[in-house]
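Remarks on the structure that follows.
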Amino acid sequence: MRATTLYLMAVSLLVTANLVRTCWRANDAYYNAAEIYCGKTCSSRRDCDWPCPYCVWKGYERRYRCKR
Numbered sequence: 648m649r650a651t652t653l654y655l656m657a658v659s660l661l662v663t664a665n666l667v668r669t670c671w672r673a674n675d676a677y678y679n680a681a682e683i684y685c686g687k688t689c690s691s692r693r694d695c696d697w698p699c700p701y702c703v704w705k706g707y708e709r710r711y712r713c714k715r
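Under my numbering, residues 648 to 715 are what the sequence shown spells out, in order.
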């Protein structure tokens, strides 16, 4: 009985660790995509796409940029 309980606990901990690691990797992918696409210039909202859907005026640069 104890061996079965320990085995099930070990398996559940491994599954949980794999799920947490997968979530971290997916989150890193979002931020990597944001680094690439969020700084590009735009003239309207349709020029911007995920993960930066808004076209915002940057006064210092005097141009529009995609933003989160």
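We put the beta carbon where it would ideally sit given N, CA and C, even for glycine.
- Listed in chain order, the non-local C-beta contacts of K714 below 7 angstroms within the same chain comprise C685, C699, Y701 and V703, local neighbours out to five positions each way being set aside.
- Residue burial annotation: Y711 is buried, with at least 16 other C-beta atoms found within 10 angstroms of its C-beta.
- Inter-residue distance for C695 and T688 is about 9 angstroms (C-alpha atoms, whole angstroms).
- Residue pairing by DSSP puts R710 in a beta bridge opposite K705.
- Our two residues, R693 and T652, have alpha carbons roughly 55 angstroms apart in a direct line.
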